[in-house]
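**Student:** Handing you a structure now.
Protein chains: 2
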Amino acid sequence: MTGSLSIAGLGPGDAALVTPEVSAALACATDVLGYAPYVARVPAREGVRLHPSDNRMELQRAGEALRLASEGRDVVMVSSGDPGVFAMAAAVFEALESAPQWREVSIRVLPGITAMLAAAARAGAPLGHDFCAISLSDNLKPWDLIELRLLAAAGAGFVIALYNPISKARPWQLGRAFECLAAILPGTTPVIFGRAAGRPDERIDVHLLAEVDAQKADMATCIIIGSPETRIIRRGDKPSLVYTPRSASGSKA
Amino acid sequence: MTGSLSIAGLGPGDAALVTPEVSAALACATDVLGYAPYVARVPAREGVRLHPSDNRMELQRAGEALRLASEGRDVVMVSSGDPGVFAMAAAVFEALESAPQWREVSIRVLPGITAMLAAAARAGAPLGHDFCAISLSDNLKPWDLIELRLLAAAGAGFVIALYNPISKARPWQLGRAFECLAAILPGTTPVIFGRAAGRPDERIDVHLLAEVDAQKADMATCIIIGSPETRIIRRGDKPSLVYTPRSASGSKA
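Protein sequence lines correspond, in order, to chains X and U. For this note's numbering, add 127 to where a residue sits in the first sequence, where the first one is 1. For this note's numbering, add 127 to where a residue sits in the second sequence, where the first one is 1.
Written as C-alpha cells, this is what we have:
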C-alpha cells in the first residue's frame, strides 16, 4: 500500500502557466479531486477517476482525498493558483490534524502561479517591493480583523493584494475596504483589477484609489493596491505599466 | 524592427518548476540577460547570445535589455523565482521610466514560482492565511522602515516571509529581526528556514522563534515566520508539517 496525495496548483488558468511538476503528477494520478471548474481543467486520460465537488466542501473533499491515498491510490487534489495560498493545502492539513489515522500518508504540495503573481505580471511589477496578501472573505475571520490588517499594511507602506474580494453573499466588503484605505493612502494610489489573468477573458484595469468602483470587480478578480511609492508609466496607445520601485523612501542607496 | 523584451521567472531552481510559458520564450530568444548563475540555468541552444552579468548591475543590465529589444532583438531577461518579486522586473521599469526613447518596446513579464511559495510547499502550508513578504535588505531602504514593517505585520497577525535575509555585508539584520518579532510573538511561533527548495541541496528546517539561530541562514534561504495561528503537525519519522489554518481567531465560522 503506497498511496500518495499531491496537492497541486493549476495556476490562474492558462495551460502555459502549469508547471511540469504538476503536469507530471496529473499524468500518473489514479484520482483527481477538487472544485468542479478546476477538475474540468485537467487533461482527459483513460484510467483516472475524476471527483469534482462543490465549492463549499473543502474539509469533506480533503478527508476523501486522504482516505483514498491511505487506501493506496495516487491522488491529486487540484487548486487554482497556488494550493498553499487561500486554497486547498491548509484544508487538507486541518483534516489531517483531526484524523491521526492518516498521518502516515505520503503528502506533497506542488506550488503554482498564484493569482497575484499572474495579475501583477500582466500589469507590470506592482509587487516589486514589500507586499502582503489578504483574503477579504469574512466567512472565516471577523470583519474587524480584516480592517485592522488593511490599515496596518497600508500604514506601514505595504502593497496589498486582495483575494476573494467580492461575491453575491459579500457585496459590500470591497467598497468598505477601499474606504478604509482611502483614509490613509493618497487618492492617486494605483489600484489594479486583474481579472482572469492568462485566460481568454483576461481583463487588466488600472484605476486610482480616489475613483475606484468596487462593483466592477467579481469573484475572479485579484485586486492589487499600490503603496505611496507605486508608479504608473503611461505609454500612449500601449497599456500603462504599474510598478513599485525596489527602493523605499528614506533610502540610503 | 519588432524586437521584444520578456522578463521571465525561472522559479527556485528545479526545471520542473519552470512554466511552459517561460520555456517557450527562452526557446525563441535571440539574447538572454541576467545574473550569471541564472543565465547558467538556461538550456544551451545554437543561435542565442548569452549575456551573464554581475549581481549588482541591475539597472545597467535593464538598460542593455531595453536597448537590444529596441534594436529588434528578442530578449529574455531571466530572474530567479518570480521576476516581479524582489527581482528584475521593477529594475527594468525603473530604467524604462528614465529613458522615454524605449517606451515603445514590447515588454512582457512572465511569472514564476517565487521562493516563498516553493519553501512553503515543502514545509506544508504556512502561507494558508493572510501573509506578507518583506526584503530584509537595507541597501534600498532604511533599517528603521524594515523594523516598522516587521512589527506592523506581526502585530496584525500576518505570516511573514523574509527575502534576502542575510549576507556577508548584512550579518546582523536577521538576528535583529528575530529579536523584534520575539518581543510581540509567542516563543512557540514556528519559523521555517527554506533553503534551495526544489534543488538537490534543498534543506527545510522548522524552528521555534524562542530558539532560532539567524546564523544558520544564508543568502539562498527564504524564511517564513508563522502567525500565532500557525500550527505544527508532528508525524513521527516523517518531516513535520507547518500550516496556517484558513480561519483566524474570533472567527464566525
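Beta carbons: idealized from backbone N, C-alpha and C, even for Gly.
1. Go through its chain and collect everything with a Cβ distance to residue 255(U)'s Cβ below 7 Å, but skip five positions before and after it.
2. Between residue 155(X) and residue 222(X), what straight-line distance do the alpha-carbon atoms span, to the nearest angstrom?
3. Who are residue 176(X)'s beta bridge partners in DSSP?
4. Can you have a look at residue 357(U) and say buried or exposed, based on whether 16 or more other CB atoms are within 10 angstroms of its CB?
5. Along chain U, which residues have their Cβ under 7 Å away from the Cβ of residue 386(X)?
6. If you drop the 5 nearest sequence neighbours on each side, which residues of the same chain put their C-beta closer than 6 Å to that of residue 288(U)?
7. Is residue 404(U) helix, strand or coil by DSSP?
8. Which residues share a DSSP beta bridge with residue 132(U)?
9. Using a beta-carbon distance below 8 Å, is residue 240(U) in contact with chain X?
10. For chain U, check one thing: does any of its Cβ atoms lie closer than 8 Å to the Cβ of residue 285(X)?
11. Go ahead and label residue 204(U) buried or exposed: buried means 16 or more other beta carbons lie within 10 angstroms of its beta carbon, across all protein chains shown.
12. Can you give me the Cβ contacts of residue 167(X) inside the same chain, cut-off strictly under 8 Å, excluding the 5 residues immediately before and after it?
13. If you check the beta carbons only, do residue 139(X) and residue 240(X) fall under 8 Å apart?
14. In angstroms with no decimal places, state the Cα-to-Cα distance between residue 199(U) and residue 362(X).
15. So if DSSP puts residue 365(U) in a beta bridge, which residue, or which two residues, is it bridged to?
16. Pick helix, strand or coil for residue 261(U), following the three-state DSSP scheme.
17. Using a beta-carbon distance below 8 Å, is residue 327(U) in contact with chain X?
18. Residue 377(U) by DSSP, collapsed to three states: which one?
19. Helix, strand or coil for residue 294(U), going by three-state DSSP, please let me know.
20. State buried or exposed for residue 185(U), treating a residue as buried only when at least 16 other CB atoms are found within 10 Å of its CB.
21. I'd like to check one pair, residue 192(X) with residue 237(X): are the Cβ atoms closer than 8 Å?
22. Closer than 8 Å by C-beta to residue 277(U): which residues in its own chain qualify, once you throw out the five before and the five after it? Chain order, please.
23. What separation, rounded to the nearest whole angstrom, lies between the Cα atoms of residue 282(X) and residue 340(X)?
24. Residue 297(U) and residue 271(U): beta carbons closer than 8 Å?
25. Is residue 151(X) close to chain U? Criterion is C-beta to C-beta, closer than 8 Å.
26. Determine the direct distance from the alpha carbon of residue 285(X) to that of residue 333(U), and round the result to whole angstroms.
27. Measuring only between beta-carbons, confirm whether residue 162(X) sits less than 8 Å from chain U.
28. Given residue 216(X), which residues of its chain have a CB within under 8 Å of its CB, disregarding the five upstream and five downstream residues?
29. List, in order along the chain, the chain X residues whose C-beta lies closer than 9 Å to that of residue 381(U)?
30. Name, please, each residue of chain U whose Cβ falls closer than 7 Å to the Cβ of residue 148(X).
31. Judging by CA-CA distance, which residue of 213(X), 172(X), 319(X), 131(X) is the nearest neighbour of residue 291(X)?
32. With DSSP as the reference, please indicate the residues paired to residue 252(U) in a beta bridge.
33. Put residue 271(X) into one of helix, strand or coil per three-state DSSP.
34. Please report whether the beta-carbon of residue 261(U) lies at a distance below 8 Å from any beta-carbon of chain X.
**Tutor:** Here's the rundown:
1. 370, 371, 372, 373
2. 24 Å
3. 158(X)
4. buried
5. What is shown of chain X runs 128 to 380, which leaves residue 386(X) out entirely.
6. 243, 260, 351
7. In this structure chain U extends from 128 to 380, so residue 404(U) is not present and cannot be described.
8. 202(U), 234(U)
9. yes
10. yes
11. buried
12. 179
13. yes
14. 19 Å
15. 362(U)
16. strand
17. no
18. Reliability of the predicted coordinates at residue 377(U) is poor, the pLDDT of 49 falling under 50, and no value is obtained from them.
19. strand
20. buried
21. no
22. 261, 287, 304, 307, 308
23. 22 Å
24. no
25. yes
26. 27 Å
27. no
28. 134, 206, 210, 236
29. The first residue shown for chain U is 128 and the last is 380, placing residue 381(U) beyond what the model contains.
30. 143, 144
31. 213(X)
32. 370(U)
33. helix
34. yes
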